[in-house]
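Asks:
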Amino acid sequence: MDAAINRFVFLLKRRGARISPAESLDAMRALARVALHERDTVRAALRCTLIKNLRDLPLFEELFEQFFTLPQRATPAGPATEPPPLPPDAALAPPSTIAAQEAAGGQPDGDNAHEDALDIREYFDEAQMVTHFNSHQDPNDLSLAEFGQNLVLSRRRELLDQAMKNALQMLKARRLKNAGRAGELNFDQAVATLDAELIADAVADLLDELGDADVDEALVARLSGQLHKGIAQLPELLKRYLERELALRQDALKVARPARPKPDYRFSEQERRDMSEIVQRLCRRMRGARSYRRRISHQGRISVPLTLRRNMKYEGIPFQPVLTRYRDEKPRLAVICDVSLSVRNTARFMLHLVYNLQTLFERVRSFAFVSELAEISPYFDQLGIDEAIAAIFEGGLLDTEADSNYGRALECFHNRHLAAVTAQTTVIILGDGRGNRNPPQVWALEAIRRRAKQLLWLSPESRGSWRLGSCDMPLYESVCHQTEVVRNLQQLGQVTENLLRQSVVRP
Amino acid sequence: MFESIEHTIARLREQHYLCDRKLATVAFLALQMQKPILIEGPAGVGKTELAKAVSAALGRSLIRLQCYGGLDEAHALYEWEYGKQLLYTQILRDKIGRLFEGVDGLHEAVARLNLHEDVFFSERFLVRRPILQAIDSPAPVVLLIDELDRAEEQFEAFLLEVLSDFQVTVPEIGTVKAKTIPYVIITSNNTRDLSDALKRRCLHLFIDYPDEQRELEIVRMKVPDLRETLAAQVVAVIRRLRALDLRKAPSISETLDWARALVLLDADVLTPTLLEETLHLLVKYDRDTQRVNERLNWIAEPVQDPNQTPSSPAPVAATSGPPQQPAEPQPGDMEQRRQEHTARYFTSYRGRTDGRTGGA
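Rendered as structure tokens:
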């Protein structure tokens, strides 16, 4: 059992879950105390000891299904993955284990041929199975004659379905061999009818074959009777089949498409919550929480030790109480956000981020720029998010239609607002660094960096395209403490996660 | 004592706490393995209730530590009773004078005083806060550390020693080891991630909203006066409310409050009017109220007379359906969107006051 659990933990770790040795030990201790034949109990025990993060839960469920499910056609002797039952519960365990596991263990991605084969077996009596159903176990090894046999033997539609599927696979393969145009595999009506004819021909051939072979006469008669029924339904069945195939293919296409995260345009309640949660985590990292150090002040609680000490001279009679309060670490943040056309798609997202930062941090000064730079913190202080963003885009404050000019904006910030940056300030710049071939003024950024505690640049543009066109990001990147690509919540979450891991922001 | 998982379920049921096998397994293992449970989940799904039910089922007393921002070890672990120390020094002044009778020189006096130094830093002057109480108690207790995510991250560090070794180190005295191992339950509303070190020491349990069947059972058990049909309606409506994208989805405790309110109002069946009148018991934000009102038809569907609904399936208003998620862009729409985007990119933005640059 230990080996099995170790292997399971190893797989979980390899897929990204963080599990310490102490936790795998706990898992083993927990398993020693529960009945191992109950699948759900084992699952709950493993889950509560190994998985401490909600994000890892889907991974655990998936791996558990895969790992602790018997392979469908395994030998009945317990394979290595099945932990042997422990003594106290052993008496009632073994038979129910496999049954339960088989009941619960449907392949997640339902291989139809497999399941159908399982179903069908119930509808045959032993003798027929021995003679006709022998080599069907392996779905790859199918011949027209064999699927024909199964077709003939069908008493149920499911088997016919199965046969159709096999036939279709074969026909597909055949069509591929003499395909007219390269890379084209279409399911239009003409081809479908052609296939139907082909199958009908094949079935007729099969019937002849059966007649030639030395099979029991009565059986052949019965079979051909059933076969005619089958052929009568053939067109309809085929149609159903093609439809199903088509639907499956479309599903596959749909699934394959959204590989890249789409940029977010609007914010639902859920996303607002997510955003504020991520920003809160970022914020905690930047300032820690309220500091645990206390300081002497005029208000707050009486500190008994300090009072005692100060009043020693009065023989311990507390004439002079000493009050202390918690020291708040004062984080300062300066956010400089590009709102020009080239980043318009992400500007709303970025401003949302700025807004959230401003509600959480005590001292945030935010600036927006296109070519000119203007302070926007008062807007966010007084207005709600939607009004504030609308006010900025409306252009009263800035000419939002000018070409963005990073050099000028940085210089402007350096000349007018550098006082906003102190040794406790983290400066965050949001923008793509495309200054329309204006002088990049890297020196201004360097000056900002020298004053700031931390300089962070979040760009909505992926790293690969920084070298294209008039992008100054490579110049700016070398100056910043850190540059990250952020264009939606998901990536912001990842960046936050990285910051937390590396603890860059707060040394 | 919980003897098995089934026994755990039964004992908790006696305390009117319905739990599924997953939860019972964790509750059982925590007792067997003497490990704390860390419960995460949205507010109002019965995290705190579990601690109460466990303490009643085990016949142990419950010690509760409610966490809040700024909670420190002086409120959670122990504190020296300075006032008492001060008072005792004053009272014992003449006794101390007698202590020095017949002493020659300062050195000898200090040496003699040294012998009695630890009198004032003994357990006599220690105020026991919940955690020290829990491990110092002669009979085993249930210790509930509620909403740990409200306290600062530094506070978690104080808990680590208690949670893994069940001991508290007081610098002046030494280590206080647990006389009996408490059953520790920590809850968190998941507003922030707890530290890995803490999670490693705990069994982890996530409680979510129950399924319809279980919620109905809970309502029936906790509010037995409620009529059966009404209970089913209540649960159906609540489930529809949770399907909406609300800022604060109604929890189980709110379901129960609502059910009790309906009993007090002496309601026989839930009518759409009654639903509208009592909505403020369930929906706590202005914005949510608006959103619910927009979809009131759909929410009230399970409430309506069953004879009426099948006859008129056609006039379903646009607002009566389940909430639509923002639609995924279809491949066919992509070309159109690309054109729109190009057009937007090269034309003026003046007049677009919504600030929105995409979507349909």
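Residue numbers (my numbering), protein chains in the order written: chain C, -4 to 502; chain W, 579 to 938.
Where a beta carbon is used, it is the ideal one built from N, C-alpha and C, also for glycine.
In this structure, does DSSP put K755 (chain W) in helix, strand or coil?
Replies: strand
Asks: My assumption, with CB atoms under 8 angstroms, is that K448 (chain C) sits in contact with T421 (chain C). Please give the rounded CB distance.
Replies: 6 angstroms
Asks: Pull up the distance between the alpha-carbon of Q784 (chain W) and that of G619 (chain W), whole angstroms please.
Replies: The amino acid at residue 784 (chain W) is misidentified as Gln; the sequence shows Phe. So the alpha carbons of these two residues sit roughly 6 angstroms apart.
Asks: Please report whether the beta-carbon of H782 (chain W) lies at a distance below 7 angstroms from any beta-carbon of chain C.
Replies: yes
Asks: Taking R599 (chain W) as the query, report the chain C residues whose CB atoms sit under 9 angstroms from its CB, ordered along the chain.
Replies: E33, D35, T36, A39
Asks: Keeping to the same chain, check which residues put their C-beta closer than 8 angstroms to that of P469 (chain C); ignore five residues upstream and five downstream.
Replies: W461, R462
Asks: Specify the secondary structure class of Y321 (chain C) as computed by DSSP and reduced to three states.
Replies: Collapsing the DSSP output to three states places Y321 (chain C) in a strand.
Asks: Which residues in chain C have a C-beta closer than 7 angstroms to the C-beta of Q610 (chain W)? List them in chain order.
Replies: R28
Asks: Rounded to whole angstroms, what's the CA-CA distance from V359 (chain C) to T302 (chain C)? Just pull it up for me.
Replies: 37 angstroms
Asks: D771 (chain W): which of W:E734, W:I759, W:E872, W:I669 sits nearest, CA to CA?
Replies: Shortest Cα-Cα distance from D771 (chain W) to any of W:E734, W:I759, W:E872, W:I669 involves W:E734.
Asks: In the region 289 to 305 of chain C, which residues sit with their C-beta less than 9 angstroms from some C-beta in chain W, listed in chain order?
Replies: V299, P300, T302, L303
Asks: Give the range of the beta strand (DSSP E) segment to which Q745 (chain W) is assigned.
Replies: 745 to 748
Asks: Just verifying my parser: in three-state terms, what is the DSSP assignment at I723 (chain W)?
Replies: strand
Asks: Considering only heavy atoms of the ligand PLP, does any lie closer than 6 angstroms to the CB of Y595 (chain W)?
Replies: Of the ligands one can find in the structure shown there are none, so the ligand PLP has no counterpart to examine.
Asks: Mapping DSSP to helix, strand and coil, what is C466 (chain C)?
Replies: Strand at C466 (chain C).
Asks: Could you tell me which whole beta strand (DSSP E) segments of length 3 or greater appear in the region 428 to 481 of chain C?
Replies: 449 to 454, 477 to 480
Asks: Would the region 802 to 821 of chain W count as touching the region 834 to 848 of chain W if we require 3 or more Cβ pairs under 8 angstroms?
Replies: Two segments are said to touch when three or more pairs of C-beta atoms, one from each, lie closer than 8 angstroms; by this definition the region 802 to 821 of chain W touches the region 834 to 848 of chain W.
Asks: Mind checking if G11 (chain C) is an interface residue toward chain W, Cβ cutoff 7 angstroms exclusive?
Replies: no
Asks: Is T603 (chain W) close to chain C, meaning its C-beta is less than 7 angstroms from at least one C-beta of that chain?
Replies: yes
Asks: Is DSSP giving R671 (chain W) helix, strand or coil here?
Replies: Three-state DSSP puts R671 (chain W) in a helix.
Asks: Using the Cα positions of L451 (chain C) and C597 (chain W), report the straight-line distance between them to the nearest angstrom.
Replies: So the alpha carbons of these two residues sit roughly 48 angstroms apart.
Asks: For V778 (chain W), go through chain C and note every residue whose CB falls closer than 8 angstroms to its CB, in chain order.
Replies: Going by the sequence as given, residue 778 (chain W) is Arg instead of Val. What R778 (chain W) touches in chain C: S15, A17, E18, K47.
Asks: List the DSSP bridge partners of S361 (chain C).
Replies: C:V330
Asks: When we look at the beta-carbon of W836 (chain W) and count the other beta-carbons within 10 Å, is it buried (16 or more) or exposed?
Replies: buried
Asks: My guess is that T758 (chain W) and P718 (chain W) are in contact by the Cβ rule of under 8 angstroms, so how many angstroms apart are they, rounded?
Replies: 4 angstroms
Asks: Report the three-state DSSP secondary structure of L781 (chain W) (helix, strand or coil).
Replies: strand
Asks: Report all residues from its chain with a CB closer than 7 angstroms to the CB of I877 (chain W); omit the five preceding and five following residues, and keep chain order.
Replies: Here the set comprises V815, R818, L819, V870.
Asks: Pick helix, strand or coil for Y863 (chain W), following the three-state DSSP scheme.
Replies: The three-state reading of DSSP puts Y863 (chain W) in coil, since its state is none of H, G, I, E or B.
Asks: Would you mind reading off the limits of the beta strand (DSSP E) that contains L822 (chain W)?
Replies: Taken as a continuous stretch (DSSP letters only), L822 (chain W) belongs to no beta strand (DSSP E), as it is neither H nor E.
Asks: Since E370 (chain C) sits in a beta bridge, which residues does DSSP pair it with?
Replies: C:F362
Asks: With a threshold of 7 angstroms on Cβ separation, who are the neighbours of L6 (chain C) within its own chain once the five nearest residues in sequence on each side are excluded?
Replies: L58, F62
Asks: Do we get a CB-CB distance below 7 angstroms when we pair Y943 (chain W) with the residues of chain C?
Replies: Only positions 579 to 938 of chain W appear in the structure, and residue 943 (chain W) is not among them; the question remains open.
Asks: Measure the C-alpha to C-alpha separation of K47 (chain C) and I331 (chain C) and round it to an integer number of angstroms.
Replies: 38 angstroms
Asks: For R235 (chain C), which of helix, strand or coil comes out of DSSP?
Replies: In this structure, R235 (chain C) counts as helix in the three-state DSSP scheme.
Asks: Using 7 angstroms as the threshold, is the C-beta distance between G402 (chain C) and N433 (chain C) below it?
Replies: yes
Asks: Counting C-beta neighbours from all protein chains within 10 Å, is the total for N1 (chain C) 16 or more, i.e. buried, or is it exposed?
Replies: exposed
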